[in-house]
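Notes follow the structure.
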Amino acid sequence: MSRFAAIDDRYDPHAIESEMMDYWDAVDAYEQTKAHREGNERFFFVDGPPYTSGSAHMGTTWNKTLKDCYLRYLRMSGYDVTDRPGYDMHGLPIETRVEERLGFENKKDIKEFGEERFIEECKAYANEQLEGLQSDFQSFGVWMDWENPYKSVDPTYMEAAWWAFAQAFERELVDQGGRSISQCPRCETAIAKNEVEYEVVSDPSIYVKFPLTDREGSIVIWTTTPWTLPANTFVAIDESATYQAVRVESQSTSELLYVEEHCIEDVVEKGGYDEYTVETSFDGSELVGWTYEHPLAQAVPDHPSGAGTQQLYDADYVEIDRTGLVHSAPGHGPEDFQRAQELDLDIVCPVGPDGSFTERAGRYEGQFVKDADEEIIADLDEKGLLVNADTVSHDYGHCWRCDTGIIQIVTDQWFITTSAITDEMLENVAGTDWYPEEARDNRFADFVDDSPDWNVSRQRYWDIPIPIWTPADWDGDLDSAIVIGDRTELAQRVDQAIDPETVDIHKDTVDELTITEDGVTHTRVADVFDVWLDSSVASWGTLNYPSEEDEFDELWPADLIIEAHDQTRGWFWSQLAMGSAAVGEAPYERVLMHGHALMPDGRAMSKSKDILVDPHDVIEEYGTDPMRAFLLSYTARGDNMKFSFDGVAEMNSRLNILWNVYRFSMGYMRPDGFDPSAVTLDDVELAIEDEWILSRLQSTKRAIDDHFEAFEQDKALNTLLAFFVEDVSRYYVQLIRDRVWPVEQTDSKQAAYATLYTVLEETVALFAPFTPFVAETLYQHLTGDTGYDTVHMCDYPEPDERWLDTELEGDIAICRSIEEAGANAREQAGRSLRWPVDRVVVDAESDRAVRAVERRRDLLAERLNAYEIELLDPDRSFEELTFAATADMSILGPTFGEDAGRIMNALNNANVAEPTVEALEAAVEDEIGTPVELTEEMIEIETRTETTIGSADFDAGIVYVDSTLTDEIRAEGYAKEVVRRANNMRGDLELQNTQEVRLDIQLEDETIAEYVSEREDIVREQVRVTAIEPVSDGHTDSWELTNVDTGEPVELELTIDPLVAQKATE
RNA sequence: GGGCCGAUAGCUCAGUUAGGUUGAGCGCUCGGCUGAUAACCGGGAGGUCCGCGGUUCAAAUCCGUGUCGGCCCA
């Protein structure tokens, strides 16, 4: 592309995005960019693998966009960055999708279909989904190593999990045995607590009497799961609570019930008893050891009945709620299980993996547990043990995939005993840096501290097989179990001949393999891993460890990971647990934890409920760069992001300003043949505004660097946008228009071009990590064949002290606030900026402001269109004014205490003729009725004018605009009115900038015509007029001016004739 | 039920570490410019700082409490 080639009139994100995609492909931009940094310092980033189900949602889009922004930034900063994307492709969610697809209802269907075929179907499904995600991510402009993603289903990766598990086993952090787990009865597998989703459902709510066997009466318990009563083993109470024996009576009966004292009324009401009397009080501790009869003793003859069962025990999970006595079934609930282990009680679970009662459940055998509730309640009623039966709406856990209500049962599972290394994990966490920092200390550390052992086994098909082989009739002794750490070891030890390079190690393959050692044949345990274990090994799996060792030795642990806050329970935790268990270290050093993408109204997005914003729709409507800019302009440090279409549109319009500034610049540089390599900043004499914008550029780069260092890409982007929109577009470009307009190649013009070029070239590079498409387009147009093939090969621009001048920046900041006030004052005076004013008076209150005005008087005069700038230093003030004051509360407050507020108001309202403390004291006394003693520190005096002169405050003073008319002003003003109309016509005629014309001016008012002719020079220069003369064959238009003195309308007719010769050269 | 995070202009967010009269962008509105022109620029109006209570001369800011939203855990 040739330098300064014309760009489209309008910023069209879609057009440039598809153009740049093709361009990047054509020049191998990504590959070149990576090669460019090869051999530099390495940066090890690990991509948290998205799950391969469905297409990318807004949360994933935000996540990947953040990653892309930081990776591009790091690469431009010189690092050789690892950027291998990953995909989490195993697990129950994919199994259930495939089951749905095949029309399966439960595990039996899978067995009939064949495990091997089912696994193939899962693999095909996961790969299909992966393709969709890859192309989504690419369309978001994300640059990662798409040719070479890590996939959790590749044997090389699966081996990383085997290796880690074997390490943990060697460190004696693996255990096997019965535990209370959450079971999905449809999927027939244990599911992790974090896979349980809560939904409000209606369940039975029953109060049941358990008759005491060593004394009169019954204890009362409450439960929402009648089906757990067959497994009742003990009842828990709170030792420190007070329980009471209550005599309850109704028409025919009178009986004694034991409940916690605060629960009596509720139980009496529920039982429908007419009267009650409290007979005795007991400390909770007195109840321990009481015995009762199992409430379903007849229906369930084989109920838990070992030593110590059907007794009352203290337990810390008891809440004073309902009855204060808690039915405990260690075969179901995890807390009950744990307490029963402590108490050495029998643990009985009469429920199978499919949720139906086993023979130990007696009469209920074969029924699905929830279906048996009704019969159990009826049986209790029949025996007179039911106090009350009702229903309750509450949150109940459901399977995350198939939405079936989960049940708690005790089954044999494999664990990594993370609870044994809690301290080590906490120590490892302390060594990591989190952004935001509080997330680590408040949220993550708490979670780590509380986390129980990690159940890593699942009774399913589509995941990494647990690499454990055990002898027939294994007794549970871990010493006789064989754990395999990789494929090479597998090939060496199994009885069958396999090739470690090609063997697939999914369940269907490894289940066939046996290991015979010392005459004993071992077979593999049937379970597969929890899918969370897959991604927990990503930090070495992504480096192909253990099959390749070099990269692991050099890079591990990860320098950075970037994920959302829901990963505290997920990937942040699982990686820490696995790293700690296998290697004793955290696998990451820095964590950037962002929030969730919410709906515009603040609701959570939910695909299943069809509450979502689809990134594809956003891209289609606004384009990728505006979407990226929007996403990146939000803080990535913990907070959620409310998606906003208006926000994306806003970014679109900012990028449009970017586009227009480049178009404006190149529109002059091109015809002038400006050559940036021949004319550099060192070759020209810079004007004050050139020096200023160059300094602003340095300050901006410095701020952006600081923000990136702190993982505040939002502030970096907002700083950059503010610089470009406010400093470059709104100020610098406005200031240099007059310098680049003349046809002549002036030194001033060259200086402006050299400056502008520097600013533009560095700015596109600064934008590159945020909005790669528009940055690339503008870079290519700007540099043509002289630059890199892609802007992403540039070094990220660094501040250059040589151009930094903070004093000048301060001056201009003050001048701009004076200009702003001046504009305001002009509005009051009713004089538009096109008309010059005789004088502007700046009443400066600070020495800093005085210095700025003294030094930048010319600039101010030009910007304010004033013939003269009059400066009043802090000692002097503008006559014809009254004065007011602003209170300084930091002094007023401590001095006057509770009166300070009233005095402040009085001061703020005061209007006095002299700027003295005495005058203000009088005014304040007048208002509040009591005398006060003020000092100068308490107040800041300001002026107020009531004359026709316009005035307005700025940060450090007041600006007055004197709009008195003079003939000189009239002449210039009317001439500019003509210029405006003439140039309007040039625009209508679509004349080129350099096109010269002849102009005929017809004004009906002779006085005004006289004024215009006085300043013909202005018209000639600003309309590129060669001659002002009668024109017979031009384009004519008529206008209405206003007579500034009378307000009367004045007729103006202009005729323009473009010169033919000029046309030809254009 | 518990932990963490959040609530400030019509919208999106700063300001809370360190108490001292609440800011920006967008939108709205009025205007300017008319050589970036379906662009660009300026002025203005918009606030119970979620409610209640407390500490303090003074609270958006500190403390307590409630409500609503998000994440996590039960």
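So the mapping is simple: this note's numbering equals the position in the first sequence, first residue as 1, plus 1319. By construction, the Cβ of each residue, glycine as well, lies at the ideal position given by its N, Cα and C atoms.
At the C-beta level, aspartate 2130 and alanine 2171 come within 9 Å of one another. Cβ contact annotation for tryptophan 1733 (same chain, cutoff 8 Å, sequence separation greater than five): Val1493, Asp1494, Gln1495, Asn1774, Val1775, Ser1776, Ile1785, Ile1787, Val1844, Asp1846, in chain order. The Cβ-Cβ distance between alanine 2185 and arginine 2158 falls below 9 Å. Under the three-pair Cβ rule at 8 Å, the segment 2064–2073 does not count as touching the segment 2038–2048. Of the residues assessed, threonine 1642 falls on the buried side of the cut-off, its CB having 16 or more other CB atoms within 10 angstroms.
In this structure aspartate 1814 is exposed. Its beta-carbon is surrounded by fewer than 16 other beta-carbon atoms within 10 angstroms. The shortest C-alpha to C-alpha distance from threonine 1821 to any of Ala1896, Asp1830, Thr1807, Thr1833 is the one to Thr1807. For glutamate 2325 and glycine 1942, the gap between their C-alpha atoms comes out near 56 Å. Comparing alpha carbon positions, the residue from Pro1990, Asp2177, Tyr1349 closest to arginine 1322 is Pro1990.
Around threonine 2283, the same chain offers Asp2157 as residues with beta carbons nearer than 7 Å, after the five sequence neighbours per side are excluded. The beta carbon of glutamate 2335 lies closer than 8 Å to those of Ala2294, Ile2347 in the same chain, with the five residues before and after it left out. The residue from Gly1536, Pro1530, Glu2173, Cys1718 with its alpha-carbon nearest to that of tyrosine 1517 is Cys1718. Per DSSP, the unbroken alpha helix (DSSP H) holding lysine 2295 starts and ends at 2286–2307. Taking 9 Å as the cut-off, the beta carbon of threonine 1552 is found closer than this to the beta carbon of aspartate 1665. Relative to the Cα of methionine 2112, the nearest Cα in the group Gly1397, Trp1753, Val1587, Leu2123 belongs to Gly1397. Under the 10 Å beta carbon count, threonine 1380 is surrounded by 16 or more other beta carbons and is classified as buried. For glycine 1681 against alanine 1618, the beta-carbon gap comes to about 5 Å, under 8 Å, which counts as contact. When the five nearest sequence neighbours on each side are left out, the beta carbons in the same chain lying within less than 6 Å of the beta carbon of glutamate 1579 are those of Ala1560, Tyr1562, Ile1639, Gly1643, in order along the chain.
Judged by DSSP in its simplified three-state form, glutamine 2064 adopts coil rather than helix or strand. Between glutamate 1440 and valine 1417, the CB-CB gap stays under 9 Å. Of the residues assessed, threonine 1789 falls on the buried side of the cut-off, its CB having 16 or more other CB atoms within 10 angstroms.
The Cβ-Cβ distance between valine 2338 and alanine 2301 falls below 9 Å. Secondary structure at valine 1844: coil, using DSSP grouped into helix, strand and coil. DSSP places lysine 1470 in the strand class (E or B) of the three-state scheme. Looking only at Gln1894, Thr1384, Gly1914, Phe1848, the smallest Cα-Cα distance to alanine 1758 is reached by Gly1914.
Secondary structure of methionine 1912 (DSSP, three-state): strand. In the same chain as threonine 2038, and ignoring 5 residues on each side of it, the C-beta atoms closer than 8 Å to its own belong to Thr2019, Ala2022, Ile2023, His2026, in chain order.
Using a Cβ distance threshold of 9 Å, glycine 2269 and alanine 2084 do not count as a contacting pair. Note that the segment 2085–2104 touches the segment 1338–1349; at least 3 beta-carbon pairs, one per stretch, sit closer than 8 Å. Contact between the segment 2238–2249 and the segment 2136–2143 is absent: fewer than three C-beta pairs spanning the two stretches fall below 8 Å. In the three-state DSSP reduction, proline 1649 falls in the coil class, being neither helix nor strand. With a cut-off of 8 Å on Cβ pairs, the segment 1628–1637 is in contact with the segment 1601–1611, counting three or more such pairs.
Excluding the 5 residues flanking it on each side, proline 2118 has same chain C-beta neighbours closer than 8 Å at Gln2017, Ser2018, Lys2020, Arg2021, Asp2024, in chain order. Around the Cβ of lysine 1928, a 10 Å sphere holds fewer than 16 other Cβ atoms; the residue is exposed. Put simply, the backbone Cα of leucine 1977 is about 41 Å away from that of proline 2193. Look at tyrosine 1406 here: in three-state DSSP terms it is strand.
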